[in-house]
Each structure stands twice: as structure tokens, then as C-alpha cells.
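A.B. asks: Shown below is the structure under consideration.
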Amino acid sequence: MKKRLISLLMVLTLMVSLVGCADESTSNEGKSVKQDVTVAWDIEPPMLDPTLTTSVAARDINKYIYEGVVEMDANFEPQPQLAEKIEHNEDNTEWTFYLRKGVKFHDGTEMKAEDVAASLNRWSGLNGSAKLIIKNGEKFEVKDDYTVTIKLDTPCLLFLYYLANPSQFAGITKKSIVEAADSSSGYKSIIGTGAMKFVEWKQNEYIKLEKFADYSAPSAKLSGFAGDKTVNFNTLTFYMVNDASTRVAGALADQYDFVNKISYDSMNQFDGVTNCSLTQGQYMIGGLIFEKREGCGSYSEDPNFRKAVSYALDINEIAKAQVPNSDYVTIDSDYMGPFQTAWDTNAGDDYYNKHDLAKAKEYLAQSKYDGGTVKMVTNTEYPDMYNGTLVIQKQLEAIGIKVEVEVMDWATQLTRINQPETLDMFVSNFGVSPIPNTLLFLTPGRTGFTHNATISSIFDQMGAAKDMTTAQSLWKEAQKAAWEEAEFIPLGHQYTVVSKSSRVENYTGFMGLTLWGCTVYEP
Amino acid sequence: MAKFLGKRLLSALVTIFLLSIIIFTISHMSKGDPAQIILGAEATEEQLTDLRHSLGLDRPVVEQYINWIFGAVRGDLGDSYYTGEPVLAEVSSRLVPSLRLAIMAEILAVIVAIPAGVFAAKNKGRGLDYILSTTSLLGLSIPNFLMSLLLILVFGVAFKALPVSGYRTLKSGVGVFLKYSILPVLALGLGQAGILMRMTRSSMLEVMNTDYIKTAKAKGAKSTVILFKHALRNAFIPILTAIGQSFGTLFAGTAIVETIFNIPGVGQLVVTSITRRDYAMIQGVVLIISIMWIIINLALDILYGVVDPRIRLAKKAH
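What follows is the structure, given as C-alpha cells:
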């Protein structure tokens, strides 16, 4: 009976794909512009404080409300946003930010240097990456109403990249809000300078934003997260739709203008559909993380074991299991995103995706592996991680490594990751990193558990470098050093999938659903 | 009577106390760190430690329990770790959509099931009986989630007649409210209708064979009068019991339907709170629901005692 029902459901799905959208027109000519834009969102953010949480769900909503002093452009280069001009001394220790005048907060007051300094000082105290460069409690100081300065103890050529990092980003809010914030719930008032202001948050239902009439855009055109972020609609409502199949149905039924996170295995339901289309969403690098904290006792502590694993893997097969559609994944040894051309390197090509079982067995024989069970953990919430883990298990068993996979929910996995004695490796994803120095999986003490003295030393040299060319060539050395020790195995540069209605024009999405500048038409 | 009431109240209080220990222990036994969920996978250990401290998660478990239970006695179930909202207010606001959904589904089930059950009984062994019985079997065999998806695909996606998800209150207008309610109510109510229809049919068949129905027929009473006035009234007691029991099942079943249709009810709250490891919310919701059931049972116990003095006397005799 159940099999019949499932068959019936599949037939209906097919019918729906064809019938539901067959008579839709893709032309928006003559239609009026839609003022109330809707998005089906996958995960409710824990808070709308851009600086406290690292949640991507929060980041992508916060980007409408808050702006930084600098923001990343489409090439992942930092550009002035709330700053008009930025100056620094020759050794990159003294930085001066000249702020744009007349920029207003959503409550109508003007943004001043004291607000910027307070927000940035909070950011430098909370953001794990910021602490890598602001090590000794250096502070952003107010020079005058429109000028903020900071004097770093250590030279940092890449300072603006840290400042423009979209993760746990340095969004600017009022000084009074920063002072009232606490470490559990974050900002008590949601006020920024962004193109949209916060209106209402009904828990588990929606978050509603409204166009900010007094938005002060920089003169530069929109590029990535930087430039003029004016919106062409009055309200933007993020409806919290946790269930993946409901989000797919919402896209096919044209109930939402945009739908975030379409699962990879639902993509075929969009074949032949004309009322909406799929496109790339958030970027992340998927990877195999070795538990190698000193003294944890895992097999992964041994570089020869890691190399054996690396040579055993067929990344194409793993990536296919994780992301079946090749338009949403790029296989590359590079640890930085394919779009971050400034950091492009092929330093890992000699080691990556070799699937050389003889060499893998050679390294395994030299390793401390004693035929015991290698433990991996994974979860069911993220099917890409789960599928990738199962393929890795199969591939490692082919060279004689016994692998036990423990499946749990994501919340439990996050806890297990912090219990090094209970696992050897796992598959996970990382969001975009503006520079190599902030790649978590290469940062000592962070997820990835890398403690490679050569890499740390090169990263220090990159910070002290005088120019970008030097920093970029140093990165090649660092990545080579990482590959020589098989510190981290990228399993593919992946994009999530978003659906946008055919009533949308000029959509340029960047690292997720960014709707600045796009126009949505009424059905 | 006062002694009877006192005993019942005391036993309810002991149950609630024991329940509070069980609820607290089970939620804290589950692995997962609320601070990690709030701050995200990339948060630093320093940030996590600060937040755990701020939420009181670094205190001894016994101390956490004592704080929680003393707060609960004063009517303060604490604040949600994730949203920062008071648990009691959040749960109260979520009860309305869940109850509304369960009541509407129950009404639908009764409206569909009772006439169908009566007609199936009347036409026992004929085509109509087979059709109705098979349909009811289908209704109760299809799990809620599958029924929800089928309805979404047909009415939401293919015909675009109804929204696939969302919740609107009556403030949005009766039309809008109904539009958003139809699919979840159908998803929840149709399965229940299947159960009630079968119960009505069997109960009716039992009554239809009794002497007084035969007498009514012999007296030449109209078949509709026999069915609805004589048979259904007498068959109604077990049906009523089934309706009462099914309401509890319906209320529990809203979790899946609420998640699929994105309705901000108690079921959805429980599901999301578990994934977020929002212990404060999980404990609060489970405690409130448990207390509700204990109060209902206590009220029933008292009512039985009031209505039927033999129950009181029997207890006394013991």
C-alpha cells in the first residue's frame, strides 16, 4: 500500500511540474512592480545581531539592515561603504577611516564616529578572526565626528579584508545599542544604516523589513556586498519555512518570490518549469576534517594516515554524491573560492584527487594505523555531509581502513566535534573566507584543528607583507605546506540552490539571496 | 467530597513534581549545546563560554533544576535560550493555532465520518459500504505527512487554488483565514475521519440488530428517523468516547502538520526547540502540556465522583 502511495505521489509530482507551470508566461512586460516581496527562508536566525552570531541565516538578513565601514565587492575585494576614504601608514599599523557625512540610522539620527568606534570595538572583541590581528586589546578611537582611527601593534596589510569579512560581520549600529547589548541575546534594538529597516519579527513565522526612505547610498554601483544597495520594493518578508519539501512546493506554486535552500535532490522537480528558475545561493567549501588536536589519540594525528586517506579518495565520486548537479559544485585543490581570483593557486594539484590506491596503501603501511576502527560522525539535517561521509567510508574500506559512521542530528554533531577523543574525522562545510588567514580549517584552535607551525609563520608574514603580490605568493607556500601534511581535503566548492520567480528581473545574487537592485513584478 | 478532592489534588501535585524531574533530566541528558546553536558552528570557545555563563548553563544541574522549579511555581518558566522571549508567553501564544487546528480538524472529522458511518452501516455489504469503508481505510492508512504533501501538490502546486504553507489569523479576514486553514485541516482531519467513520459504522451495526430498532421498523417508522433518531442516538456513546480520545491524538499529531504547513503552533515549537536544544522552551512546553492533561484528568475524576456517587463510595469502602 505504501509503495503504491509513494508511486502515486511521484506521478503527481511529475504532473504538477508540467501542469502547474505550463501556462505561465515569462514576460513581465506591462506588469506592475511588486512592492511586497516574499522569501521562503530555511532557518530562523537566532538573533539579528550581525556581530555576535556566526549564523549564515542571520548574516543574510542582517546584510539588508546593517552596513560595514567596508564591504566585499563581487571580486571579494574590500571597498569603502560607510567610509568615504581610508588611509594607512606605510607599515599598515595605523588606519584612518573618514566616514561619509549625512548617513542616517533607521531611527533618523546621523551616524557619527562614536557609533562606528563602538560597533567596531565590539566586533574586535567578539570576532574570532578579528582577534588574530587585534591581539592586545587595541581600540578604534574617535578622532572627530567623522573620523575613526586604530593603531595596531602588529602590521596588517590585510586589515580591510578582516573588516569586510561577511561572517560575524562588523555591521555598524548606534553606540547606545552597543552599550546595552549582552552576550546572550545581542542587540536589544535592531537599527542600522542599511537599505531596509527592521519592522517585525514573529517567531517561527516571519521577519519583516521595510525600505528605508533615508538610505544614504555610496556613489559606487552595486558590486557584491558593496556599493549602492537601494531596493526596488517597499517590504521584504522572510517567511520561516523549515520543511524542505514545503519550500519546493512554495516555489513551484509561485507562492514566494524567492525560495532559499532548495535541496539538491529536489532540483529535478524544476525541470520544464517556467514560473521559477534555480540559481546559485550561498557559497561554501565542503571538506574532510581530520581530528588532529594534539594528544587526542586519533588516527588522524598521524600525517601518513591523512595522506593515505587523501590518496584513497575519489573526489569526483564524493562530490557527485554530495551535489548531484555539477553546476553547483567545482572540484579544485584550492582552499579559496574559485571566484577569489587574487588568491588562486594550484599548489595542491600534485596531491589532490589522485585516487591512487597503491600510494594510499603505501602511506597507510607507514602510518600508525593498526587495523582498528576509524570513527566518523555525520548528521541527517545536511544530506550532502551524510552522502559524502558514506562514500568516503566505502572508499577508505577499499584500502583496508575500517570505518564506523555514527549518524546523529546536527546539534549533537556540533557537541561531538568538541570531544576529540570520540572521533577521527568528519565532513563539514565552511562559509566564504575573505582571505586565507581566516580559513577556519587552517587556524590553530578552530574547527579543522590545524597546528602547523609553517602555515602559522607564513600567515604572520602575510600580515606583515608590504604588498598584495608578496602576500599572494606567500599563500601559495602556505597552501603547499598544508597539502604536504594533508591538513584538510576539500570535497568541492559548493553553492546552495535558490529559486527565483520568473517575475524577477536584474537579480545579481551574491553569496546568497541579495535582492538589492532587482525588480519583482506582480503575477 | 472534600477528602476525595484533597486526595485527588495531592496526587496531581505529586505527579507534576515527579514529571518536572523527568522532563528536566531528559532534556538535559540530550547531547547538544544551545550556545553553539545560537552562536553558530564558527563561534570561538571564548564566545561559547561567555554565552553558556550568561544562560546559566555552566551552573550545576541540580542548581539549574531548583532555579527552574522555583520559578515555575511562581509562574515563571524562564526565557527561551534562543529567542529570549518568556517561555510562558510563547507557549500561550502557540496554543491558539494548535487548538484551532485540532478543533477544526475534529469538526471536519465528525461532519464527514458520522453520516458516512451511518450510511455505510445502513448499506452493509453493498457497494456504498465498500466504497466508504475502503475510503476510510485509505484515510487512516495514509500518514499525516504524506497526506499533507499530497494535498499541497494537488491543491497548492497543480491547481494553485490554496497556499502551500503559512498561517493567518481571523484578523486577516475570514476568507484568508479559511484559505490558509483548509489544507492543514484536511491533512489532519481526514485520517481522523477514517477512524471515526469505522467506529460509527460498527457501533451502528451493533445497534441496528437490537430489538427496539426491529420494533421501530415493524411500526413503520421512516428509515431516516430510525437511523438518526433511534439508532445513532444509542450508538453515540462509544462514538463520543472515540471523539474525545481522538482529540488528544489530533493535538499530538499537529506537530508534523504544523511543521509542513509552517503553522506556529505548539507542535512546531516543540520540534524547533528540540533542534535548537532550547532546554528552557522544551521543559516549559512539555510541563505545560502535561499539567493541562493532569488537570483534565483531575476534572474528569472529580466529575465522575459528582455524577456517579458509587465511585466515591467504592473508594470509601476500600
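Each protein sequence line maps, in turn, to chains A and B. Sequential numbering of the first sequence, starting at 10, is according to my numbering. Sequential numbering of the second sequence, starting at 703, is according to my numbering. C-beta atoms are modelled at their ideal positions from N, C-alpha and C, and glycine is treated no differently. Just so it is clear, the structure is predicted and the values come from calculations on it, not from any experiment.
What residue range is occupied by the uninterrupted beta strand (DSSP E) comprising Asn71(A)?
C.D. replies: Sequence index remark: in the first sequence, residue 71(A) carries index 62 (1-based). It is not in any beta strand (DSSP E) - Asn71(A) instead sits in the alpha helix (DSSP H) that spans 65 to 74.
A.B. asks: Grouping DSSP H, G and I as helix and E and B as strand, with all else coil, what is Ser722(B)?
C.D. replies: Here residue 722(B) corresponds to residue number 20 of the second sequence, with the count starting at 1. In the structure shown, Ser722(B) sits in a helix (DSSP, three-state: H, G or I).
A.B. asks: Taking C-beta pairs closer than 7 Å, name the residues in chain A that Leu853(B) reaches, listed in chain order.
C.D. replies: For the purposes of this step, residue 853(B) is identified with residue 151 of the second sequence, where counting begins at 1. Under the 7 Å cutoff, chain A gives no residues; its nearest Cβ is about 10 Å from Leu853(B).
A.B. asks: Counting only beta-carbon atoms, is Phe267(A) nearer than 9 Å to chain B?
C.D. replies: The count along the first sequence starts at 1 and reaches residue 267(A) at position 258. Phe267(A) does not count as touching chain B.
A.B. asks: What are the boundary residues of the alpha helix (DSSP H) that includes Val250(A)?
C.D. replies: Taking the first sequence and counting its residues from 1, the one referred to as residue 250(A) is at position 241. No alpha helix (DSSP H) holds Val250(A); DSSP gives it neither H nor E.
A.B. asks: Looking at Ala933(B) and Ile915(B), is the spacing between their C-beta atoms short of 9 Å?
C.D. replies: Start at 1 with the first residue of the second sequence, and residue 915(B) comes out as number 213. Start at 1 with the first residue of the second sequence, and residue 933(B) comes out as number 231. A contact, by the Cβ cut-off of 9 Å.
A.B. asks: Considering only residues of the same chain and omitting the five flanking positions on each side of Met19(A), which have a CB-CB separation below 6 Å?
C.D. replies: Along the first sequence, read from residue 1 onward, the residue named residue 19(A) stands at position 10. Reliability fails at Met19(A), whose pLDDT of 46 lies under 50, so the model's placement of it is uncertain and no value is given.
A.B. asks: Mind checking if Leu971(B) is an interface residue toward chain A, Cβ cutoff 9 Å exclusive?
C.D. replies: Along the second sequence, read from residue 1 onward, the residue named residue 971(B) stands at position 269. It does: the Cβ of Leu971(B) has a partner Cβ on chain A nearer than 9 Å.
A.B. asks: State yes or no: is the C-beta of Ile74(A) within less than 9 Å of the C-beta of Pro59(A)?
C.D. replies: Position 65 of the first sequence, counted from the start, is the residue given in the question as residue 74(A). Position 50 of the first sequence, counted from the start, is the residue given in the question as residue 59(A). Taking 9 Å as the Cβ cut-off, Ile74(A) and Pro59(A) qualify as a contacting pair.
A.B. asks: Thinking Lys881(B) and Ala262(A) are a contact (beta carbons under 8 Å), I'd like their distance in whole angstroms, please.
C.D. replies: As a working mapping, residue 881(B) is identified with position 179 in the second sequence. As a working mapping, residue 262(A) is identified with position 253 in the first sequence. Not confirmed; about 13 Å, so no contact.
A.B. asks: When you compare the CB positions of Thr431(A) and Lys411(A), do they come within less than 9 Å of one another, or not?
C.D. replies: As a first step, residue 431(A) is located in the first sequence; it is residue number 422 there, counting from the start. As a first step, residue 411(A) is located in the first sequence; it is residue number 402 there, counting from the start. It is not a contact, given that the beta carbons lie outside the stated cut-off.
A.B. asks: Along the chain, where does the beta strand (DSSP E) that runs through Gly501(A) open and close?
C.D. replies: Position 492 of the first sequence, counting from 1, holds the residue named residue 501(A). Note, Gly501(A): beta strand (DSSP E), 497 to 510.
A.B. asks: Assuming Ala122(A) contacts Asp153(A) under a Cβ cut-off of 8 Å, what Cβ separation, rounded to an integer in Å, is found between them?
C.D. replies: Locating residue 122(A) in the first sequence gives position 113, where the first residue counts as 1. Locating residue 153(A) in the first sequence gives position 144, where the first residue counts as 1. Contact holds; Cβ gap of about 7 Å.
A.B. asks: Taking its Cβ as the centre, do 16 or more other Cβ atoms sit within 10 Å of Thr292(A), making it buried, or is it exposed?
C.D. replies: For the purposes of this step, residue 292(A) is taken as residue 283 along the first sequence, with counting starting at 1. One point to set straight first is that residue 292(A) is Tyr, not Thr, in the sequence displayed. Under this definition Tyr292(A) is a buried residue.
A.B. asks: List, in chain order, every chain B residue whose beta-carbon is nearer than 8 Å to that of Asp418(A).
C.D. replies: Residue numbering aside, residue 418(A) sits at position 409 when the first sequence is read from its first letter. Residues of chain B passing the Cβ test: Gly734, Thr977.
A.B. asks: Please confirm whether Tyr248(A) and Ala49(A) have their CB atoms less than 9 Å apart.
C.D. replies: Translated into the one-based positions of the first sequence, residue 248(A) becomes position 239. Translated into the one-based positions of the first sequence, residue 49(A) becomes position 40. Against a cut-off of 9 Å, the Cβ pair of Ala49(A) and Tyr248(A) comes out as a contact.
A.B. asks: Can you pull the chain A residues whose beta carbon is under 7 Å from the beta carbon of Gly858(B), in chain order?
C.D. replies: What you label residue 858(B) is simply residue 156 of the second sequence in a count that begins at 1. By Cβ distance, chain A contributes Ala258, Ala262.
A.B. asks: Short of 6 Å in beta carbon distance, which residues of its chain neighbour Glu310(A), apart from the five on each side in sequence? Order them along the chain.
C.D. replies: By 1-based counting over the first sequence, the position of residue 310(A) is 301. So the list reads Lys301, once near-sequence residues are dropped.
A.B. asks: Val436(A): buried (16+ other C-beta within 10 angstroms of its C-beta) or exposed?
C.D. replies: To locate residue 436(A), count along the first sequence from 1; it is residue 427. When all chains shown are included, Val436(A) counts as buried.
A.B. asks: In angstroms with no decimal places, state the Cα-to-Cα distance between Lys485(A) and Ile186(A).
C.D. replies: Taking the first sequence and counting its residues from 1, one reaches residue 485(A) at position 476. Taking the first sequence and counting its residues from 1, one reaches residue 186(A) at position 177. Each residue's alpha carbon lies about 42 Å from the other.
A.B. asks: Using the Cβ count rule (16 or more neighbours within 10 Å means buried), how would you classify Gln349(A)?
C.D. replies: Residue 349(A) sits at position 340 when you count from the first residue of the first sequence. That one is buried.
A.B. asks: Who are Gly296(A)'s beta bridge partners in DSSP?
C.D. replies: Against the first sequence, residue 296(A) aligns to sequence position 287. Answer is Ser437(A), Pro499(A), bridged to Gly296(A).
A.B. asks: Tyr1025(B) by DSSP, collapsed to three states: which one?
C.D. replies: For residue 1025(B) there is no data in the structure shown, the boundaries of chain B being 703 and 1020.
A.B. asks: In its own chain, which residues sit with a C-beta less than 7 Å from the C-beta of Ser319(A), not counting the 5 before and 5 after it?
C.D. replies: Along the first sequence, read from residue 1 onward, the residue named residue 319(A) stands at position 310. Result list for Ser319(A): Tyr360, Ala495, Ile498, in chain order.
A.B. asks: Under a Cβ-count criterion, where at least 16 other Cβ atoms within 10 Å of its own Cβ denotes burial, should Glu6(A) be classed as buried or exposed?
C.D. replies: In the structure as shown, chain A starts at 10 and stops at 532, and residue 6(A) therefore has no counterpart that could be examined.
A.B. asks: Based on Cα-Cα distance, which residue from Ile159(A), Leu172(A), Asn243(A) lies nearest to Pro527(A)?
C.D. replies: Position 518 of the first sequence, counted from the first residue, corresponds to residue 527(A). Sequence check: residue 527(A) is Cys here, not Pro. Among Ile159(A), Leu172(A), Asn243(A), the Cα nearest to that of Cys527(A) is on Asn243(A).
A.B. asks: Give me the DSSP bridge partner(s) of Ala49(A).
C.D. replies: Numbered from its first residue, the first sequence carries residue 49(A) at position 40. Partner(s): Tyr248(A), Val268(A).
A.B. asks: What residues from chain B crowd round Asp274(A), counting only those whose CB sits closer than 8 Å?
C.D. replies: As a working note, residue 274(A) is residue 265 in the first sequence. Neighbours of Asp274(A) on chain B: none; closest Cβ ~15 Å, over 8 Å.
A.B. asks: Just the Cα atoms here: how many angstroms apart are Thr961(B) and Val812(B)?
C.D. replies: Sequence index remark: in the second sequence, residue 961(B) carries index 259 (1-based). Sequence index remark: in the second sequence, residue 812(B) carries index 110 (1-based). So the two alpha carbons sit approximately 24 Å from each other.
A.B. asks: For Gln44(A), which residues of its own chain have a beta-carbon under 8 Å away from its beta-carbon, when the five flanking residues on both sides are left out?
C.D. replies: In the first sequence, counting from the first residue as 1, residue 44(A) sits at position 35. So the list reads Phe242, Asn243, Thr244, once near-sequence residues are dropped.
A.B. asks: Please name the residue in Arg828(B), Leu830(B), Leu898(B) whose C-alpha comes closest to that of Ile941(B).
C.D. replies: The count along the second sequence starts at 1 and reaches residue 941(B) at position 239. When only C-alpha atoms are compared, the closest one is Leu898(B).
A.B. asks: Using CA coordinates, which residue listed in Ala179(A), Ala253(A), Gly346(A) is at the minimum distance from Phe439(A)?
C.D. replies: The count along the first sequence starts at 1 and reaches residue 439(A) at position 430. Checking every option, the nearest Cα to that of Phe439(A) belongs to Gly346(A).
A.B. asks: Kindly say whether Pro55(A), judged by its beta-carbon, lies nearer than 9 Å to any beta-carbon of chain B.
C.D. replies: Taking the first sequence and counting its residues from 1, one reaches residue 55(A) at position 46. It does; some Cβ of chain B falls within 9 Å.
A.B. asks: Should Met56(A) and Ile740(B) be called a contact, given that it needs their Cβ atoms to be closer than 9 Å?
C.D. replies: Mapped onto the first sequence, residue 56(A) falls at position 47. Mapped onto the second sequence, residue 740(B) falls at position 38. Cβ distance < 9 Å, so Met56(A) and Ile740(B) count as in contact.
A.B. asks: Report yes or no: is there a C-beta of chain A within less than 9 Å of the C-beta of Ala743(B)?
C.D. replies: Position 41 of the second sequence, counted from the start, is the residue given in the question as residue 743(B). Closer than 9 Å: yes.
A.B. asks: Where Trp104(A) and Ile52(A) are concerned, what is the direct C-alpha to C-alpha distance, given to the nearest angstrom?
C.D. replies: Walking along the first sequence from the start, residue 104(A) turns up at place 95. Walking along the first sequence from the start, residue 52(A) turns up at place 43. Each residue's Cα considered, the two are about 37 Å apart.
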